[in-house]
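**Q**
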Amino acid sequence: MKVAVFRKATFNAAHRLYRKDWDDTKNKEVFGLCANPHYHGHNYRVDVKVVGEIDPETGYVIDLNLLNQLIKEEVHDRFDHRNLNLDCPEFAGLNPTGENIVVVIYNLLRPKLDSKYDLQIRLWETERNYFEYPA
Ligand code: NI
């Protein structure tokens, strides 16, 4: 009997979408306002979904305190109040789009979770835009 357990987290961060190998005109054409040179911020929200069997001894799929701690260390503390382009090595050479951020978060959490769990990450960039990985 598999059950999904969710934990929400948030972080506030700045980013800019652009390619160094493109000129300003092309960056503006492709990335619009997100290419503004002086960066802009989002209040990101992350929904972490963990699926597993209920442990008959505890009644838990996963200890939520442990999951919270993991998300705090690997996601919140790493990205909160940072400039994703400049401060975070995870995005050196990787455009910090919602698509790339959600994959980076998955790859940070996946090795820290027992392989008996399925993991899916949903990243909200705005109230209306969100990203999911694995799809
Ligand atoms: Ni943006």
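Numbering-wise (my numbering), the sequence shown opens with residue 576 and increments by one.
Even glycine gets a Cβ: it sits at the ideal position worked out from N, Cα and C.
Bear in mind that the values here come from a model prediction, so they are computed numbers and not experimental data.
For ASN670, I'd like the list of residues in its chain whose CB is within less than 8 Å of its CB, leaving aside the five on either flank, ordered along the chain.
**A** Walking along the sequence shown from the start, residue 670 turns up at place 95. Here the set comprises LEU592, TYR593 and ARG594.
**Q** Which same chain residues end up closer than 8 Å to ASN658 when comparing Cβ atoms and leaving out the 5 residues on each side of it in sequence?
**A** Start at 1 with the first residue of the sequence shown, and residue 658 comes out as number 83. Hits under 8 Å: ALA588, ALA589, HIS590 and TYR614.
**Q** I think GLY668 touches GLU700, with their Cβ atoms under 8 Å apart; what is that distance to the nearest whole Å?
**A** Residue mapping note: residue 668 aligns to position 93 of the sequence shown, counting from 1. Residue mapping note: residue 700 aligns to position 125 of the sequence shown, counting from 1. 21 Å between Cβ atoms; not a contact.
**Q** May I have the straight-line CA-CA distance separating LYS687 from TRP597, to the nearest angstrom?
**A** Translated into the one-based positions of the sequence shown, residue 687 becomes position 112. Translated into the one-based positions of the sequence shown, residue 597 becomes position 22. Their Cα atoms are separated by approximately 37 Å.
**Q** Going by Cα to Cα distance, which pick from VAL625, TYR681, LEU645 and GLY616 is closest to LEU698?
**A** Numbered from its first residue, the sequence shown carries residue 698 at position 123. With distances taken between Cα atoms, LEU698 lies closest to TYR681.
**Q** Does HIS651 come out as helix, strand or coil in the three-state DSSP assignment?
**A** Within the sequence shown, residue 651 is the residue found at index 76, counting from 1. Of the three classes helix, strand and coil, the one that applies to HIS651 here is helix, per DSSP.
**Q** Answer yes if the segment 641-649 comes into contact with the segment 600-620, meaning at least three C-beta pairs across the two stretches below 8 Å, and no otherwise.
**A** Contact fails: fewer than three Cβ-Cβ distances are below 8 Å.
**Q** Below 6 Å CB to CB, which residues in the same chain sit around LEU620 once its five sequence neighbours on both sides are set aside?
**A** The residue labelled residue 620 in the question sits at position 45 within the sequence shown. Reading off the sequence, residue 620 comes out as Arg, not Leu. Cβ neighbours of ARG620 beyond the five flanking positions: THR585 and TRP699.
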